[in-house]
Amino acid sequence: MAAINIDEALERFDNDVDIYLEIAGAFLESGVTDSKGIADSFAAGDAKKALYFAHKIKGAALTVGADTLAALAGKLEASLRTDESADYSDLSSSIARETSLVLEEMKGLVKKLKTPS
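Quick note: the sequence shown, position 110, residue 112 per our numbering, numbers continuous.
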């Protein structure tokens with residue numbers, strides 16, 4: 003199963019590949035940092051900062067078509083809003099793994115979309 007639903011994502015941008023590539027480039031630059039931000043925030047005991055990163059990842063993932071990543075980040079965000087003291091290490095690890103999958107797939111998609119047909 004693909005980590006990115008490229009058809010759905012491109013539809014959001016009226017199939018404007020240039021705009022998608024711009025957004026994908028931003029995601030490629032921030033994805034690892036934001037994912038690591040969740041783990042670092044929990045390690046520092048800062049649930050509010052983890053919530054910030056979860057929300058940021060959810061929005062970015064939805065925009066680029068990374069539905070599973072968006073769902074995981076959304077689950078973390080919703081959970082943090084109700085119980086900041088729970089153990090979210092498994093969910094944080096799942097977000098990190100899915101982020102890696104999305105970033106790897108996105109690199110290939112970007113290359114493919116930049117290559118004229």
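Positions of the beta carbon are idealized from the N, C-alpha and C atoms, including for glycine.
For the set F55, S81, F15, R14, the Cα lying nearest the Cα of V34 is the one of F55.
Taking the Cα of A62 as reference, the smallest distance to any Cα among M108, S43, K116, G47 is reached at M108. Leaving aside the five residues that flank K58 on each side, the residues in its chain whose CB is nearer than 6 angstroms to its CB run, in chain order, D36. Contact between the region 73-86 and the region 8-17 is absent, with fewer than three C-beta pairs closer than 8 angstroms. The residue from L71, A28, G47 with its alpha-carbon nearest to that of A5 is L71. With a cutoff of 9 angstroms on beta-carbon distance, V112 and A26 are scored as near each other. Across the structure, L103 and L64 are spaced so that their CA atoms are roughly 15 angstroms apart. Of the residues assessed, E106 falls on the exposed side of the cut-off, its CB having fewer than 16 other CB atoms within 10 angstroms. For A28, the uninterrupted alpha helix (DSSP H) segment begins and ends at 19-45. Of all alpha-carbon atoms in N17, D89, A52, the one lying nearest the alpha-carbon of A41 is that of A52. Counting only runs of at least 3 residues, the region 56-109 fully encloses no beta strand (DSSP E) element at all.
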